[in-house]
Amino acid sequence: MISKKLNHKLLSSLFIFASIPTLIAATAINSQAQTWDYSADGVGDDLGVWQGNHRNSFDMLGMGIKDDGKNVYVGILSKLNHTGLNIDRVGTWDVENNNIGYGDFFFDFTGGGNFRDNVKHGNVLGVKFLWGNDSDPYIGTGVYDNIQAIGVQDKNAGYGNIGRYYNSVNYYGRGDNVSFGDLAWNDNYWGDYRDSTYGYGREFTPNILTGGNRVGDVSFLNYSALYEQGFSLDSFSSTENSYLFGFQISRDLLPSGDFVASFFQECLNDGMALLGNLNPFDPPTDPPPVDDDNSGDPPPVDDDGDDNTFDVPPFDNDTSTPQSVPEPSGLLGLMGVGWLASRLKKKAS
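If you use our numbering, the sequence shown corresponds to residues 18 to 366, in order.
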């Protein structure tokens, strides 16, 4: 599945190169295409929430991931800002903390199984990069392995799992628009979360972290920081009234190989997945050892041009009592007396 996507992207890149009239333009696009991996989500596959005469959209438009060998950058394009929607009630459903926002981010490097089982066994990495979402009472921002995660759709007037979300959108005649980026809503990877039936005890699709082993830090990125990293909107069919935000983490916090990255809203009114690959991590080489014994230091420099390298008296930090330094003439006199005495002694013998 991942290899098909990468082959498609290679063909798309070749088509772009053939269309560029100058070598300079081709070089610029080639550089950008190789650094970011994009996934475009279906447009119009959300159910908006009305506040008065204004319709609030939850439509997620896509995301991109970049690995520069030192850091991994993630950019998210959506019509819902990273701060979420402040609202206390949707229809007959209360919103517990008066805000419907985003969950946490998942990286699945297992190479098999499905999302449900991989999360339950703690084999998925999680990234909490937003303050103010429903995982706040459990953990702080950071990167986590051996995670625990739950779904909080019932606290956010949402849809319990992916199947129920699809049924609701399809009811309004927009089922053909539904996708989760690189994966269909009914892809085998989602496992039992495709089941749209209602029932007591039916599991919610997990979208927030509740625990795990914190392994590193995360930095939030706004749109300008992502633009500086080369994030391009050209890969997305819709960007109108959208927000761009994301995060960066150190490359050494993630393994290498194929992965599935996924990201959901707390209400599961939309979600996205990206299939990608991280090259083997090449840690930076250690700097040369520090020469503590001065064996590699250059010889002292004689600034006054004579042969006496150490001709400056030691500096005395105690400036309250001036130190007496013998004049050169006095030293010569003492040396003369010593020489004359030795000559007389030899003559006497």
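Backbone N, C-alpha and C define an ideal beta-carbon position, used for all residues, glycine too.
Check: Among ASP84, MET80 and ASP85, the one whose alpha carbon lies nearest that of LEU94; Outcome: MET80
Check: Start and end residues, alpha helix (DSSP H) containing GLY128; Outcome: Looking at the DSSP string, GLY128 is not in any alpha helix (DSSP H), and its letter there is neither H nor E.
Check: Validate contact between the region 167-178 and the region 232-252 using beta carbons, cut 8 Å, 3 pairs; Outcome: no
Check: Per-residue DSSP class, three states only, for THR227; Outcome: strand
Check: Reference ARG62; option with closest CA among GLN165, TYR183 and VAL112; Outcome: Checking the displayed sequence, the identity of residue 62 turns out to be Asp instead of Arg. Closest by alpha carbon: TYR183.
Check: Proximity winner among LEU291, GLY293 and ASN286, relative to LEU64 (alpha-carbon distances); Outcome: ASN286
Check: Touch test, the region 256-275 against the region 105-117, Cβ-Cβ under 8 Å, three pairs minimum; Outcome: no
Check: Backbone CA spacing between ILE179 and ARG191 [nearest angstrom]; Outcome: 15 Å
Check: Beta-carbon proximity of PHE123 to PHE264, cut-off 8 Å; Outcome: no
Check: C-alpha distance - VAL235 paired with ILE117, whole-angstrom precision; Outcome: 22 Å
Check: CB-CB length for SER255 against VAL60, believed under 8 Å; Outcome: 5 Å
Check: Closest residue to VAL294 among LYS83, PHE75 and ASP76 (Cα-Cα distance); Outcome: The identity of residue 294 in the sequence shown is Asn, whereas the question assumes Val. Out of LYS83, PHE75 and ASP76, LYS83 has the C-alpha closest to the C-alpha of ASN294.
Check: Sheet register partners of ARG181 (DSSP bridge); Outcome: In the DSSP output, where bridge partners are listed per residue, ARG181 has none listed.
Check: C-alpha distance - SER56 paired with GLY86, whole-angstrom precision; Outcome: 21 Å
Check: Nearest-angstrom Cβ-Cβ length linking PHE298 and PHE126, presumed shorter than 8 Å; Outcome: Not really, about 12 Å apart at Cβ, beyond 8 Å.
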